[in-house]
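Structure first, then comments.
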Amino acid sequence: MDFPWLAVASVSALGSSVLSYAQNSRSWGFLAGSFAFVWYLQVTVWFTYSAIVYPYFLSPLRHLPEPAGSHWLMGQATTIRKEPTGAPARRWVQEIPHKGLIRYRWFFNRERVLPCSAKALAEVLVTKSYSFQKPAPASRFLSRVLGDGLLVVEGDEHKHQRRQLMPAFSFRHVKNLYPVFWSKARESVLAMTAEVGGRKGAEMEVSNWASRVGLDIIGTAGMGRDFGAIQDAKNPLVESYNKLFVPTGSDRILFILGFVIPFTVLNRLPFQSRVNEASATKKIKSVCRELIAAKKAILARGEKLNVDILSVAMESGGFTDEDLVSQMMTFLAAGHETTASAISWAVYTLCRYPEIQQRLREEIRERLPAIDDDREVTSSDIDTMPYLNAFCNEVLRYWSPVPQTVREASHDTTILGQPIPKGTIVFISPKAVNVDPELWGPDAGEFKPERWLRTSEDDKAAASGGATSNYAFLSFLHGPRSCIGQGFAKAEFACVLAAWVGRFQFEFRDEEDADESKLDIRGGLTARLYKGMHVKMTVLDGF
Ligand code: HEM
């Protein structure tokens with residue numbers, strides 16, 4: 018329930034004028050004082066209604082099961098802010114007896130609904146997908162930093178954009194990109210080898226490397242431009258994304274102020290995060306404009322464009338230049354931090370389970386050419402490596418690089434027959450659903466690549482990791498708003514990981530990291546280790 022700024026301001030203006038008139042006062046001081054008084058009265062009434070009366074006595078959601086120990090006014094807000102991103106939802110889904118929906122309360126008892134059965138998820142993500150849209154504050158942020166690209170737009174505009182962009186992500190097209198993925202993966206291995214040198218157990222922060230290789234892959238395979246991020250850690254694009262997605266101290270202040278000042282006003286104030294955001298967005302936009310101009314010059318010369326995402330979007334004829342800038346910004350952001358997060362968590366897992374690392378390395382070395390070998394690596398090499406694919410699927414399941422996402426009911430609707438009023442916030446938690454024993458069986462909470470390995474020719478269960486429903490694996494969501502880059506991401510992830518594991522041995526720098534429950538995981542869009550993923554790396558002979 019959002020604070021009705023406009024209505025409250027209008028009533029305050031009217032009320033203070035009436036009071037001034039009734040008191041026959043022409044003093045500005047009296048007018049301002051009575052304006053503040055009427056404002057205060059309304060805030061008190063609104064607050065009592067929205068934070069106490071509605072959630073406790075009137076809301077149709079009040080009978081849904083809730084986490085125990087919620088604060089009378091702050092619900093689960095402090096728990097959520099204290100624990101690693103997505104961790105409370107992971108616990109609630111398993112601990113609270115539910116029939117597919119859980120309600121929890123956020124600051125000032127604002128209600129949230131967590132769909133957690135396959136049927137509830139199917140309704141939110143597929144059958145009623147366009148009734149559950151991105152909430153206005155999330156859309157405003159995404160729109161500011163990405164423009165109105167595929168991730169932001171809703172309804173018919175979304176259907177139209179998605180149709181135009183789909184050919185760039187077709188199965189056949191992604192298959193043709195494997196050699197590009199492999200060549201960038203090799204380049205990153207060579208650059209990292211140079212940095213490690215002959216040192217045994219050299220300390221490295223791998224999420225930055227993963228980000229840089231991700232950026233170069235989306236640049237080369239998605240836009241026909243090598244950004245050179247692997248070769249240059251100070252690459253302006255890398256720095257711009259660091260500014261955009263790494264949280265600053267002022268974010269917390271902005272979050273709190275957001276309860277009392279409208280975001281349209283806050284966003285104009287010179288907070289550090291807003292200043293960073295504006296300069297980063299300007300830089301990224303200028304790179305995108307330059308890319309589009311270069312492609313247009315190719316078209317003007319009558320030459321044929323490549324089949325990268327940008328070329329497909331341009332050739333569809335369905336986008337203006339500014340639309341194309343938004344799409345490019347969307348693919349750059351959506352396409353590199355997510356995969357980078359998956360690669361970082363894969364490295365973490367390899368440190369945690371040295372025997373899995375060894376088994377994976379054996380398969381890679383047996384099946385793929387060594388890094389110094391120029392032979393092309395194709396989809397038939399990568400897609401037929403059972404343990405590599407099982408390991409990648411299990412990392413995506415267990416760590417869910419996008420741990421949670423959010424929707425808002427755009428009108429009064431239902432989930433599983435439960436009335437959901439317009440404006441209700443619905444939290445979708447891949448991090449919780451991906452390890453729910455109801456859907457995955459009793460070993461859901463274990464990291465176990467074997468669940469994806471076929472035990473016989475007609476073992477069909479392995480394709481879905483043995484889960485009882487498609488909706489059990491939510492890392493890319495499902496339905497019309499699922500990740501359009503899923504095939505691209507899986508292929509890129511497998512190539513980079515294979516090249517890294519073939520060449521390097523990974524170990525924890527800080528042994529205490531082995532205790533997952535102590536990890537400080539934060540992040541809005543993707544899950545990151547707050548201190549960075551610091552590991553020890555050694556170059557191994559023979560690959
Ligand atoms: C491991 C890597 C990745 C993961 C886990 C991932 C996950 C997701 C998720 C969960 C969403 C839905 C977000 C929401 O609606 O709230 C999404 C959407 C999207 N992803 Fe990915 N993604 C990955 C890689 C990529 C790549 C490589 C690209 C592009 C090449 C990409 C492009 C997009 C786009 C454009 C959307 C918006 C789709 C739409 O709304 O129609 N993603 N992704």
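Read in order, the letters of the sequence shown are residues 18 to 560 in the numbering used here.
For each residue, glycine too, the CB sits at the ideal point set by N, CA and C.
For clarity, every value in this text was computed on a predicted model and none was experimentally measured.
*Cut-off 6 Å between Cβ atoms - residues of its own chain near ALA208, not counting five sequence neighbours on either side*: ILE247
*Report whether the distance from the Cβ of CYS409 to the nearest heavy atom of ligand 1 is below 6 Å.*
no
_Please state the DSSP three-state secondary structure of HIS88._
strand
*How about GLU128 and LEU81: are their beta carbons less than 7 Å apart?*
no
*Rounded C-alpha distance that separates PHE521 from TYR195*: 21 Å
*Taking all protein chains shown into account, decide if GLN181 is buried (16 or more other Cβ within 10 angstroms of its Cβ) or exposed.*
buried
*In the DSSP assignment, find the alpha helix (DSSP H) that holds LEU182 and state where it starts and stops.*
172-182
_Stretch pair the region 484-504 + the region 119-139: three plus CB contacts closer than 8 Å_ = yes
*asked:* Is THR401 near ligand 1 - that is, is its Cβ less than 6 Å away from at least one heavy atom of it?
replied: no
*asked:* By the three-class DSSP mapping on this structure, what secondary structure does HIS11 have?
replied: The requested residue 11 does not occur in the structure, where the chain is confined to residues 18 to 560.
*Can you check whether the CB of VAL55 is closer than 7 Å to the CB of SER29?*
yes
_Cβ-heavy atom distance, PRO418 to ligand 1, below 6 Å_ = yes
*Sequence-distant residues of its chain with Cβ nearer than 8 Å to VAL423 (five each side left out)*: LYS151, PRO152, ALA155, ILE442, VAL443, PHE444 and ILE445
*Using the C-alpha atoms, what's the distance from PHE525 back to ILE388?*
24 Å
*Cβ of SER492 versus every heavy atom of ligand 1: is any distance shorter than 6 Å?*
yes
*Proximal residues to VAL304 (C-beta, below 7 Å), its chain only, five neighbours per side dropped*: LEU254
*Do you know how far the Cα of GLN344 is from the Cα of GLY164?*
8 Å
_Can you tell me whether ARG180 sits near ligand 1, meaning its C-beta is under 6 Å from at least one heavy atom of the ligand?_
no
*Sorted by chain position, which residues of the same chain lie with C-beta nearer than 7 Å to ALA227's C-beta, five sequence neighbours on each side aside?*
ALA357, ILE360 and SER361
*For ligand 1, is there a heavy atom less than 6 Å away from the beta-carbon of ARG498?*
yes
*In the structure shown, what three-state DSSP assignment does ILE442 receive?*
strand
*Examine ligand 1 and report whether any of its heavy atoms sits within less than 6 Å of the Cβ of PHE521.*
no
*Comparing the CB of ALA351 with every heavy atom of ligand 1, is any distance shorter than 6 Å?*
yes
*Which of the three DSSP states, helix, strand or coil, is assigned to MET209?*
helix
_Spatial neighbours of TYR415 in its chain, beta-carbon cut-off 6 Å, leaving aside the 5 residues before and after_ = PHE464
*Around the Cβ of GLU411, are there at least 16 other Cβ atoms within 10 angstroms (buried) or fewer (exposed)?*
buried
*Take ASP338 and list the residues in its own chain whose beta-carbon comes closer than 7 Å to its own, dropping the five residues that flank it on each side.*
ILE309
*How big is the Cα-Cα spacing for ALA317 and GLY241?*
17 Å
*Given that a residue counts as buried once 16 or more other Cβ atoms are within 10 Å of its Cβ, and exposed if not, what is PHE490?*
buried
*Could you check the C-alpha separation between GLU354 and THR102 for me, to the nearest Å?*
16 Å
*From what residue to what residue does the beta strand (DSSP E) around ARG424 run?*
422-426
*Just reading off the beta strand (DSSP E) that LYS553 is part of, what are its end residues?*
551-556
*Identify whether VAL452 lies in helix, strand or coil by the three-state DSSP scheme.*
coil
*Rounded to a whole number of angstroms, what is the C-alpha to C-alpha distance between GLY231 and LYS448?*
22 Å
*Any non-hydrogen atom of ligand 1 closer than 6 Å to GLY335 Cβ*: no
_For a minimum of 3 consecutive residues, which ranges assigned as the beta strand (DSSP E) are wholly contained in the region 455-503?_
none
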